[in-house]
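Chains as they are written, first to last, in the working numbering: chain D, 748 to 1007; chain A, 28 to 279; chain F, 708 to 1034.
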Amino acid sequence: MADPAPRRVVSMNLCTDQLAMLLAAKGQLVSVSDLAVDPRASAMVEQARGYTINHARAEEVHALRPDLVLAGQYSSRASVGMLRRLGIRVETFAPARSMDDIGAALERMGALLGREEAGKRAAARFEERLSALRAEVERRPEAALYYANGYTLGDKTLAGQILLTAGFSNTAAKAGITGGRVMPLEQLVMYAPEALISGTSYSGETRSEAILDHPAVELLRRSRPSAEVRDRDWICGTPQVLRAVEGLGDLRRKALEGEG
Amino acid sequence: MTLLALDDLAVDLRGRAIFAGVSARIEAGEFVGLIGPNGAGKTTLMRAALGLVAARGHSSLLDHRAVDRARHAAWMPQARDIAWPVSVEALVALGRVPHLPTGRRLSAEDQAHVDAALAAMGLEGMRHRTATRLSGGEQARVLIARALAQDTPLLMADEPIAGLDPAHQIATMQVFAGLARDGRAVIASLHDLGLAARHCTRLLLLGEGGIVADGPPGDVLTPDNLARVFHVNAWFADTPHGPVFQPLEVIE
Amino acid sequence: MIRVFAALAILCAALFIAALLVGPAQIGAIEGLRALILGGEGPAPLVMQEIRLPRALLAVMIGLSLGLSGAAMQGYLRNPLAEPGLIGVSGSAALGAVVAIHTGFSAAWAYGLPLSALAGALAGVALVIALAGPRGSSLTLILAGIAISAMAAALTSLVLNLSSNPFAANEIVFWMMGSLADRSMMHVGLALPLMVVGWAMLLPLGRGLDALTLGEDAAASMGVRLTRMRLVLVVGTACVVGAATAVAGAIGFVGLVVPHILRPLVGARPSRLLWASALGGAVMVLAADLAVRLILPERDLKLGVLTALVGAPLFLHLIYKTRRELP
């Protein structure tokens, strides 16, 4: 990388916020997005409080006079396009879909910030902890990820990979689901997974989450090990996912105890 | 027997006095023609008698509950409303609604009244036709038949013969006269003074904010009344063919 | 006449059974019915009793309600364009339901949901009747409907957007289009009492609606108490539409399509149309919900999408037919 290290970096996406906070030099990162201080979504609320908060809008980001903007692949095209037209360098990150993506993202973030060494170190440390957790398993109990609106995630998603890493097999695979999709409730009931994993419910009632209180789901949940996962450990491809893998390890042990 | 008694009836609409001080008694056996120029309040008088518009004074019909009133007096409004494409027979059968307990189907007696009403208006051949597809005059006859099927001692009709051909105008007037002969009473607002003079037993002339004249046709259709209220003169004579009345000229 | 009702009843029963037997989970017909009636262990009884049965029951109840209320409103306003969805009653009921859910009222008290939807529907239907006047001309009806629908949709979106819950904003589609997916017996229990009250109010209106064929004056002179009838109609419609919308969102056009198709078959008599439309509504919603499950089972296609695809062209046709009375 021939460019000198950027000196004013603004991140406008929850996942780049966290990667940048992990790797940036002191004073290099100027601002992170408002989601970074939302305790439900962000694993790094405390650190994020030390930065200026932006709302991912081009105007306010521009006013921060950044020399590098970090955005998600799915950040508003209009905002990203406008910043680029204004001559600001914008780098976008695709959402992580596997464990390998996480190491790669750490290395790329390090490179972008002019901190290749820190990036490589973080990636290596992540791989090391990951392989320690990726215990060999003789039997994979089946678990289903079930979220609001009956949404489930398959193997080609980060959550699906977390599930596999923790030694489960994914019910969604049975239904032929690899990405994210709605799984009809009755299909879930018929597959009768050995464990049920659902997202944390948010404050404030919604109809979308009512499905998680459906008598059929309720019965599944009561009759087998189940866990609520904290979204912040699952959403972004950061070393934080290791916490999710650890949490699922406990669930797996419970699922296996059930048979013994 | 008095079938309708009006005492000092008065109606104001939007602050304007339509009429006041109207008192009249309608006896069984009478066919009363309600005549008067446009805007004299013929429709309003009948609606007030039925309690369909707020009025001061008293109408004997309002002594009844709404349901009983419907068995005592039938009303044929001027507006020829037929909202849905029902058959002629079904429309006429609506006249039996006040006589049917809730949810009960038409009895043989009800059907007999419907058939009689259809026959009286010469509609037997149309009974299965769709009422909304008939001509205006035919619809008017169907609606008269509906009011007849209600089979009430008193029948009130607002311009029932407007829009009918001469044969059906005369036939309708004869049906009403026949009802009166059978001991009922009919009140109909009319613009055709000739037909009124020939068929009605009594005329009520409405104008100048009240009743101008009330009595047999010969006593009401005087040159003086005609000039004052209608601003016309007319030729009126008792002939071997019965009373003949023909308006002639407008009086300036 | 009897034949029409018998055909509708048989169709309704057949679709009800089909609704129980069709679903993404492959359960044989015999096995499914046995699981439904006898229960037992395993996932099949759970699917049949807790997922498919409430869904089929709700389809019947909601279809009945929408068909009935459409026929009643059309009879009263003497206008074939009057339909709870089009004139904004469903939309205002949805607003009531959304407010109940997002203020936590429905969590605090289960019946808060249907009653709040009832309040919304009541406001909507009262406003329409007041605006359209006793004999609703097509123009005033449609304009009143547009205004009330837009208002209700805007307020619903506002409530959902103000919610701190990230799922809320995506629910606008549900409330606008309606769906029976993943409903449970709890929803049947929430909707049924209010619906029964509404049915009991609307079904006996037939006689008065028949008389209204001849206009207000003639009906009043035949002993129909119009003021009372209007009150019963407003409250009855609000009850059934409110209850239906609270549990399934705003499903449009059922009350338009069903009376239109059935009117010629019952000799256009409003009283018979009430019963026929109730049955026909159940048939239509059952059929639409089956189609939703057969066409795109995993996409959660909204019920209202299908009813609108059938209903909107018919609506245009009706406007075309009645355009002469429009200026």
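Where is the CB? At the ideal position from N, CA and C, for every residue including glycine. Since this is a predicted model, take the numbers as computed values, not measurements.
Along the stretch 196-209 of chain A, what residues have a CB closer than 7 angstroms to any CB found in chain F? Along the stretch 196-209 of chain A, none of the residues has a CB nearer than 7 angstroms to a CB of chain F.
Does the contact criterion of 3 or more C-beta pairs under 8 angstroms hold for the stretch 937-948 of chain F versus the stretch 969-988 of chain F? no
Expected contact under 8 angstroms - CB spacing of F:G774 and F:G1018 to nearest Å: The residue labelled residue 774 of chain F in the question sits at position 67 within the third sequence. The residue labelled residue 1018 of chain F in the question sits at position 311 within the third sequence. The pair is not a contact, with the Cβ atoms about 12 angstroms apart (cut-off 8 angstroms).
If we count the other Cβ atoms within 10 Å of its Cβ and call it buried at 16 or more, is A:K69 buried or exposed? Counting from 1 along the second sequence, the entry for residue 69 of chain A is found at position 42. Burial call: buried.
Neighbour flag for D:V929 against chain F, beta carbons, 8 angstroms: To locate residue 929 of chain D, count along the first sequence from 1; it is residue 182. So, interface residue.
Check whether chain F comes within 8 angstroms of D:V837, counting only Cβ atoms and requiring the distance to be less than that. By 1-based counting over the first sequence, the position of residue 837 of chain D is 90. Cβ-Cβ to chain F under 8 angstroms: no for D:V837.
Using a C-beta cutoff of 8 angstroms, does F:T810 count as contacting chain A? Position 103 of the third sequence, counted from the first residue, corresponds to residue 810 of chain F. Not an interface residue.
Can you list, in chain order, the residues of its chain with a C-beta nearer than 6 angstroms to that of A:G17? Leave out the 5 residues immediately preceding and following it. Residue 17 of chain A falls outside the range modelled here, since chain A spans only 28 to 279, and no answer is possible.
If you draw a straight line from the C-alpha of D:E807 to the C-alpha of D:A841, how long is it? Within the first sequence, numbered from 1, the residue matching residue 807 of chain D stands at position 60. Within the first sequence, numbered from 1, the residue matching residue 841 of chain D stands at position 94. Distance between the alpha carbons of D:E807 and D:A841 is about 23 angstroms.
Hey, would you say A:P180 sits closer than 8 angstroms to A:L72, going by beta carbons? Stepping through the second sequence from its first residue, residue 180 of chain A is reached at position 153. Stepping through the second sequence from its first residue, residue 72 of chain A is reached at position 45. At a Cβ-Cβ threshold of 8 angstroms, A:P180 and A:L72 do not count as neighbours.
Under 7 angstroms from the C-beta of F:A975: neighbouring residues of chain A: Indexing the third sequence from 1 puts residue 975 of chain F at position 268. Here the neighbours are W111, P112, V113.
Please state whether the Cβ-Cβ distance between A:V115 and A:R154 is less than 8 angstroms. The residue you call residue 115 of chain A lines up with position 88 of the second sequence. The residue you call residue 154 of chain A lines up with position 127 of the second sequence. A contact, by the Cβ cut-off of 8 angstroms.
Are there three or more Cβ pairs, one per stretch, closer than 8 angstroms when the stretch 851-865 of chain D is compared with the stretch 880-891 of chain D? no
For D:P986, count neighbouring C-beta atoms within 10 Å of its own C-beta (all shown protein chains included) and say buried if the count is 16 or more, exposed if not. Looking up residue 986 of chain D in the first sequence gives position 239. The residue in question, D:P986, is buried, as its Cβ has 16 or more Cβ neighbours within 10 Å.
One or two residues paired with A:D39 in a DSSP bridge: One-based indexing of the second sequence puts residue 39 of chain A at position 12. Paired residues: A:A44.
Using the Cβ count rule (16 or more neighbours within 10 Å means buried), how would you classify A:L145? On the second sequence, residue 145 of chain A is found 118 positions in, with the first residue counted as 1. That one is buried.
Taking any Cβ of chain F, which residues in the stretch 128-151 of chain A have a Cβ under 7 angstroms from it, in chain order? T129
From the beta carbon of A:L40, is the nearest beta carbon of chain F less than 8 angstroms away? Numbered from 1 along the second sequence, position 13 holds the residue referred to as residue 40 of chain A. Chain F contact via Cβ: absent.
Near-chain F residues of the stretch 889-921 of chain D - C-beta to any C-beta below 8 angstroms: Taken in chain order, the members of the stretch 889-921 of chain D whose beta-carbon sits within less than 8 angstroms of a beta-carbon on chain F are A895, N896, G897.
Look at the Cβ atom of D:C983, then the Cβ atom of D:L776, and state whether they are nearer than 8 angstroms. What you label residue 983 of chain D is simply residue 236 of the first sequence in a count that begins at 1. What you label residue 776 of chain D is simply residue 29 of the first sequence in a count that begins at 1. Not a contact, by the Cβ cut-off of 8 angstroms.
With a threshold of 16 other CB atoms inside 10 Å of the CB of D:A942, please say whether the residue is buried or exposed. Locating residue 942 of chain D in the first sequence gives position 195, counting from the first residue. The residue in question, D:A942, is buried, as its Cβ has 16 or more Cβ neighbours within 10 Å.
Return the chain-ordered list of same chain residues with a C-beta closer than 6 angstroms to the C-beta of F:P1034, the five sequence neighbours on each side being excluded. As a working note, residue 1034 of chain F is residue 327 in the third sequence. Per-residue confidence for F:P1034 stands at a pLDDT of 43, beneath the threshold of 50, marking its modelled position as unreliable; the derived number appears in the next sentence. Closer than 6 angstroms at Cβ, skipping near neighbours: no residue.
Cross-chain neighbours of A:A117 in chain F, by beta carbon under 7 angstroms: In the second sequence, counting from the first residue as 1, residue 117 of chain A sits at position 90. Result: G974, R976.
Compute the distance between the beta-carbons of A:H169 and A:L161, then report whether it is under 8 angstroms. Against the second sequence, residue 169 of chain A aligns to sequence position 142. Against the second sequence, residue 161 of chain A aligns to sequence position 134. Reading the sequence as shown, one finds Val at residue 169 of chain A and not His. Closer than 8 angstroms, so yes.
Beta-carbon spacing of F:A1037, F:T863 below 8 angstroms: Lying before the first or after the last residue shown, residue 1037 of chain F is absent from chain F, which here runs from 708 to 1034.
Identify whether F:D996 lies in helix, strand or coil by the three-state DSSP scheme. As a position in the third sequence, residue 996 of chain F is number 289, starting the count at 1. Judged by DSSP in its simplified three-state form, F:D996 adopts helix.
Closer than 6 angstroms by C-beta to A:G84: which residues in its own chain qualify, once you throw out the five before and the five after it? Chain order, please. Within the second sequence, the letter at position 57 stands for residue 84 of chain A. For A:G84, where only same-chain residues beyond five positions count, the Cβ hits under 6 angstroms are D34, D35, L36, A37.
Partners in chain A for F:L848, counting only beta-carbon separations shorter than 9 angstroms: Numbered from its first residue, the third sequence carries residue 848 of chain F at position 141. Those do not exist, as F:L848 stays about 14 angstroms from chain A at its closest Cβ, beyond 9 angstroms.
Beta-carbon neighbours of F:M892, restricted to chain D and to distances below 9 angstroms: Counted from its first residue, the third sequence places residue 892 of chain F at position 185. Per Cβ cutoff of 9 angstroms: P962.
Step through the CB atoms of chain F and report whether any lies within less than 8 angstroms of the CB of A:R173. What you label residue 173 of chain A is simply residue 146 of the second sequence in a count that begins at 1. At least one chain F Cβ lies under 8 angstroms of A:R173.
Let me know the secondary structure DSSP gives D:E806 once reduced to three states. For the purposes of this step, residue 806 of chain D is taken as residue 59 along the first sequence, with counting starting at 1. Under the three-state reduction of DSSP, D:E806 is assigned to helix.
For a contact meaning CB atoms closer than 7 angstroms, what does F:A1100 contact in chain A? What the structure shows of chain F is the stretch from 708 to 1034, and residue 1100 of chain F is not part of that stretch, so it cannot be assessed.
Given 8 angstroms as the limit, is there contact between the stretch 831-849 of chain F and the stretch 863-879 of chain D, that is, 3 or more CB pairs closer than that? no
Can you tell me whether F:V796 is buried or exposed? The criterion is at least 16 other CB atoms within 10 Å of its CB, across all chains shown. The count along the third sequence starts at 1 and reaches residue 796 of chain F at position 89. With 16 or more Cβ atoms within 10 Å of its Cβ, F:V796 is classed as buried.
For D:A942, which beta-bridge partners are listed by DSSP? Walking along the first sequence from the start, residue 942 of chain D turns up at place 195. Answer is D:A890.
Any non-hydrogen atom of the ligand ADP within 7 angstroms of A:V49 CB: With respect to the ligand ADP, the structure shown offers nothing to examine, as it has no ligands at all.
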